[in-house]
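Each remark here refers to the structure printed beneath this line.
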Amino acid sequence: MTTSPYSLSSPLTQPQPVIVVGSGLAGLSAATQLISHQVPVIMLDRAEKPGGNSIKASSGINGAPTRFQPGDADDSRELFLADTVKSAGDVFANSPAEEHRRRESLMATVTASSAEAVYWLTDEKGVDLSTVSAAWDFDRQCAFGFFEGEFAVSAAVGGESYEGVARGG
1 MTTSPYSLSS PLTQPQPVIV VGSGLAGLSA ATQLISHQVP VIMLDRAEKP GGNSIKASSG
61 INGAPTRFQP GDADDSRELF LADTVKSAGD VFANSPAEEH RRRESLMATV TASSAEAVYW
121 LTDEKGVDLS TVSAAWDFDR QCAFGFFEGE FAVSAAVGGE SYEGVARGG
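The opening residue of the sequence shown carries number 1 in full-length UniProt numbering; numbering runs sequentially from there.
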């Protein structure tokens, strides 16, 4: 067994805080998961108001296939990925081979887990995403709950206050 060269003066009696950088939906999602497991969080953000780029969202959350889509919807993860690739446009199409591969891999991961993300927001956080419509530049109905990004940010933390978000420059 290997021992650490660093010793603690006293045993840990409670979890140490985790620093989350950024208060967009990704940072807030990470923070809420940690908090749900009684892990203290220190959130750092450079802006006055939490939300990151997520606060600017106004067209809903894309995801497919989910239980909210019409029963006759012709949809699948593969079709959602194809729509996502299409919406990436020329920047994606003209990117160098290695960058193209990385971006496509990221899009595949995001679209494959999109339904799980929609269910987490609806089932765990109580966000109403029952309104379904065609997403911008997508061919199928896979955008949920048209709401302002600021509402989504608030919903991601269960409407809790943002007091205690450390601000930086």
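Beta carbons are placed, not taken as given, at the ideal position from N, Cα and C, and that holds for glycine.
Member of the options whose CA lies at the smallest distance from the CA of residue i
i	options	result
Pro15	Gln38, Ser23, Val21, Leu28	Gln38
Ser113	Gly51, Leu28, Ile42, Phe80	Phe80
Gly24	Val18, Asn53, Ala93	Asn53
Leu129	Gln69, Gly51, Gln33, Glu99	Gln69
Ser76	Gly126, Trp120, Arg101, Ala108	Ala108
Val133	Asp45, Thr66, Asp123	The residue you asked about is not Val; residue 133 is Ser in the sequence shown. Checking every option, the nearest Cα to that of Ser133 belongs to Thr66.
Opening and closing residue of the alpha helix (DSSP H) in which residue i lies
i	result
Leu44	Segment 41-45 is the beta strand (DSSP E) holding Leu44; no alpha helix (DSSP H) there.
Leu106	97-112
Glu78	77-93
Bridge partner(s) assigned by DSSP for residue i
i	result
Ile35	BP columns for Ile35 are empty, so no partner.
Val20	Met43
Backbone CA spacing between residue i and residue j [nearest angstrom]
i	j	result
Ala64	Thr13	43 angstroms
residue 252	Gln33	There is no way to answer for residue 252, as the model of the chain reaches only from 1 to 169.
Ala93	His100	7 angstroms
Ala97	Thr122	37 angstroms
Lys125	Glu116	13 angstroms
Glu104	Ala47	31 angstroms
Thr131	Trp120	16 angstroms
Ala82	Lys49	35 angstroms
Asp45	Val91	29 angstroms
Gly71	Gly89	30 angstroms
Contact set for residue i: own chain, Cβ-Cβ below 6 angstroms, skip 5 residues either direction
i	result
Thr84	Met107, Thr111
Phe147	Confidence is the limiting factor: at Phe147 the pLDDT is only 41, short of 50, which leaves the residue's position unreliable, though a coordinate-based value still follows. Result list for Phe147: empty, nothing under 6 angstroms.
Proximal residues to residue i (C-beta, below 8 angstroms), its chain only, five neighbours per side dropped
i	result
Glu78	none
Val118	Ile61, Gly63, Thr66, Phe68, Leu129, Phe144
Sequence-distant residues of the same chain with beta carbon closer than 7 angstroms to residue i, five excluded per side
i	result
Ile35	Val41
Ser95	Arg103
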